[in-house]
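Novice: Before I ask anything, here is the structure I am working with.
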Amino acid sequence: MNDCMNSYEKLQKFKIDSMDLKINIIAALVAAGRASEVQTAMKAQKVDLTTKALRDTRSFELAYNSVCSLIEDKKIGKEELMVEDYGEDEIEYELAPVSAQLPYVQQLQGQSQEAMQTYVNMINKKAADPSSLGVATTNLISLKGTKDAADSLKKLDRLIEKSTAPNHLQLVESLDFKLSQRQKEALYSARVLLLLYTNKTDQAHELVSALLGMFRDSVFPVLLQAAVHVKEKKVQKAEEVLSQYAEKHPENSKGVLLALAQIAANANHFQLAADSLSKIPNIQHMPATVATLVALRERLGDSNVAASEQLVKSHGSTEALAGLVVTSACTNLEKAEQYEKKLKPLPGLKGVNVESLERTSATRHVEGPQDMTVDIPEEVKKQKAKKRKRKPRYPKGFDPANPGPPPDPERWLPRRERSNYRPKRKDKRAQVRGAQGAFV
C-alpha cells in the first residue's frame, strides 16, 4: 500500500486536476493506516467539501473516504455532520457503505443498542453490496460478544469459502478483493473467538494454523494462538509462544508483552508478568503500570524500593516519599533515615519527644481479652428493659376469638397411613354370573 501511495505522489507532481486522483489518494492514505494525513492532503489539493461546486456524484466518494479517515483518526462526531451535509438523493448512490459506517460511529460513541439495531436491519434486508454486509456482520458480532455465539458463527461462515485443502482459507469471491488486510484480520479473529466461545478448539487450532501462514508479518495470529492454548489450559505453552515472538520481533512486541503479562499474572507467574511489563519502555511512566509492577513485586515478596524511588523522582510526591520511609524501615533502617531527612519539616514543630509520643499513641495492641465495664444510667436500663410487644399476624380470615377445632395432626401423612383410614370393600356378588364355563 505504501508503494501505491508513492505512485500517487509522483502523479501529483504533474499537477493533474482529476477528481478520480483525489479520491484514490485519500482512499490509499486510509488503507495504508495514514488517516491523520488525509485532512492535510485535502488542503494541499484545495478540496473543500462544503462548497457547492464539489457537491456532485463523484465528490460523494471523496466525502465518504474523508469520513473513513475521521473515523480511523478517532474524531468521532465530525463525520456524521459531514454526511448530513449531503442530500438524500446524493447519498443514495452508494448508501450501503455509509450505512455500514454510521452504526460503527454509534458503537464508538457508546450507543450500542442503536448500532446493533442498524446492523441487524442492514443484514436482514440484504440490500447492500457484499463488502458492506461483511463489515456489518463482523461489527455486529464484535458488539454482541459471547451472546448468541452459535448464531454469530453461522452468519460468519457464510462469508468464508469452504475448501477441502488443509490450512487453506479464502473469503467468498465478492469479498476477497474488496476487503482490506485489516478488515480480513478482524473477520478471521472474530471467527477464532467464536469457535473458542462454542468450545470448538480443534477447529480453532486448524484456523489459527492457516492464519499463521497467511499473515506472516502480523501479530494477531500469534495472539490468537496463545488464546487457544489458554482455552485448553496450556498456559505454559501460551507463554512460550508469546515469549518467542517478543524476542524475535522486539519492535512489534508491545501487544504481545501485555498479553503475556496478563496470562502470566492470571496463572500466578508473577515474576514473568513483572518482567514482561518492564520490557515495554513507553508505558513505564503510566500510573497504572507503576501500580501493577508494585503489586506484582509485593506478591513476589520483593522489598526492592527502586520503583518507589523512581515515582518520587518523577512526581515529587510527599505521600510517595512517606510511603518509601515506611517501606524501607522494615528492611533497611539506614536507608529509611536517609529518606526521612528529605521530608519537609512540619510547621511549628521544633522537636519530638519519642518516649512521650509512644506513650500517647492513639491505638495500642494489648494481648488477651480485656473486660470493659461501663456505667449505664438507670433510665437507660429501664428503656432497654421495655421491649415492644409485636402484634401477632394471623392467616387471612382467621378469627382468634373463635379459632375452631385444632387441625388434624395427621394431615401431612398419606391417606393410607392415617389412623382413621378404612379401605373400600369389594363387591363380590358381581364376580360370578352363571355356571362356570357357560356362555352368558
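First residue of the sequence shown: 1, per UniProt numbering; consecutive thereafter. For glycine and all other residues, C-beta sits at the position ideal for the given N, C-alpha and C.
Quick one: residues in its chain with C-beta nearer than 8 Å to the C-beta of Tyr394, no 5 flanking neighbours on either side, listed in chain order?
Specialist: Only Pro400 meet the Cβ criterion.
Novice: Cβ of Ser132 within 8 Å of Cβ of Lys144?
Specialist: Not closer than 8 Å, so no.
Novice: Under three-state DSSP, which class holds Leu346?
Specialist: Leu346: coil per DSSP, three-state reduction.
Novice: From this set, Met214, Asn266, Glu251, Pro287, which residue's C-alpha is nearest Ala238's C-alpha?
Specialist: The shortest Cα separation from Ala238 among Met214, Asn266, Glu251, Pro287 belongs to Asn266.
Novice: What are the boundary residues of the alpha helix (DSSP H) that includes Asn199?
Specialist: From DSSP, Asn199 is part of no alpha helix (DSSP H); its letter is neither H nor E.
Novice: Name the residue from Ser253, Leu296, Gln262 whose alpha carbon lies nearest to the alpha carbon of Gln271.
Specialist: It is Leu296.
Novice: Tell me, please, which residues DSSP counts as bridged to Ile160.
Specialist: Paired residues: Leu171.
Novice: Taking the alpha carbon of Arg34 as the reference point, which residue from Cys4, Pro221, Lys154 has its own alpha carbon closest?
Specialist: Measuring from the Cα of Arg34, the nearest candidate turns out to be Cys4.
Novice: Beta-carbon within less than 8 Å of Ser7's beta-carbon, same chain only, minus the 5 sequence neighbours each way: which residues are those?
Specialist: Cβ within range, chain order: n/a, list empty.
Novice: Near Pro221, which residues of its chain fall below 7 Å by C-beta distance, leaving aside the five closest residues on each side in sequence?
Specialist: Excluding sequence neighbours, Pro221 sits near Val208, Leu211, Leu212, Phe215.
Novice: If we call anything under 8 Å between Cβ atoms a contact, is Leu260 one with Ser276?
Specialist: Contact flag set, yes.
Novice: Taking the alpha helix (DSSP H) that Glu247 belongs to, which residues open and close that run?
Specialist: Taken as a continuous stretch (DSSP letters only), the alpha helix (DSSP H) holding Glu247 covers 235-248.
Novice: Just how far apart, CA to CA, sit Ala329 and Asn199?
Specialist: Each residue's alpha carbon lies about 52 Å from the other.
Novice: Identify which residue in Gly110, Pro103, Pro130 has its Cα closest to the Cα of Val120.
Specialist: When each option's Cα is compared against that of Val120, the closest is Pro103.
Novice: Please work out which residues of its chain come closer than 6 Å, Cβ to Cβ, to Asn420, disregarding the five sequence neighbours upstream and downstream, and give them in chain order.
Specialist: Same-chain partners within the cutoff: there are none.
Novice: By DSSP, does Leu257 sit in helix, in strand, or in coil?
Specialist: Reduced to three states, the DSSP call for Leu257 is helix.
Novice: From Arg191 to Ala31, what does the alpha carbon distance come to, in whole angstroms?
Specialist: About 23 Å.
Novice: Sorted by chain position, which residues of the same chain lie with C-beta nearer than 7 Å to Ala264's C-beta, five sequence neighbours on each side aside?
Specialist: So the list reads Glu239, Leu272, Ala273, Ser276, once near-sequence residues are dropped.
Novice: Please report the distance separating the alpha-carbon of Val172 from that of Ser189.
Specialist: Roughly 17 Å separates the two Cα atoms.
Novice: So, using beta-carbon positions, are Thr137 and Ile123 closer together than 8 Å?
Specialist: Going by C-beta atoms, Thr137 is nearer than 8 Å to Ile123.
Novice: Count the other CB atoms within 10 Å of the CB of Leu413; is the residue buried (16 or more) or exposed (fewer)?
Specialist: Exposed: under 16 other Cβ atoms inside 10 Å.
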